[in-house]
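> Numbering (the numbering used here), first residue to last: 32 to 136.
We put the beta carbon where it would ideally sit given N, CA and C, even for glycine.
#1: Using DSSP with H/G/I as helix, E/B as strand and the rest coil, what is residue 47?
#2: So, for residue 104: in the same chain, excluding its five sequence neighbours on each side, which residues have a beta-carbon less than 8 Å away from its beta-carbon?
#3: Is residue 91 near the ligand COA, going by C-beta to nearest heavy atom under 8 Å?
#4: Taking all protein chains shown into account, decide if residue 114 is buried (16 or more other Cβ within 10 angstroms of its Cβ) or exposed.
#5: What is the residue span of the alpha helix (DSSP H) that residue 70 lies within?
#6: Residue 127 lies in the alpha helix (DSSP H); which residues open and close that run?
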């Protein structure tokens with residue numbers, strides 16, 4: 032989360048490839064099938080477009096739209112994308128204070 036969606040996306044695009052890239056490179060499917068390697072910047076771009084990355088309002092809208100389109104009722108959110116303990120705790124705090132009040136109970 033950030034004060035603006037543009038800022039949140041920019042920060043995540045700067046930090047996520049540092050740890051996501053090695054993880055993707057070492058991926059092995061459970062059945063051993065080969066998989067084409069992913070373009071890390073393109074994958075990060077996709078992730079920031081389809082997941083709740085942004086301002087509180089944008090995050091709430093993304094979650095609501097996803098729930099409406101898929102019917103899911105529970106989310107598991109990865110809040111540690113920046114790879115920084117302090118920022119992870121801040122994301123959790125802000126999500127609870129700023130996003131949850133915008134969602135139906």
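Taking the geometry as given:
#1: helix
#2: 98
#3: Ligands are entirely absent from the displayed structure, and the ligand COA is therefore not among its contents.
#4: exposed
#5: Taken as a continuous stretch (DSSP letters only), residue 70 belongs to no alpha helix (DSSP H), as it is neither H nor E.
#6: Note, residue 127: premise wrong, no alpha helix (DSSP H); not H, not E.
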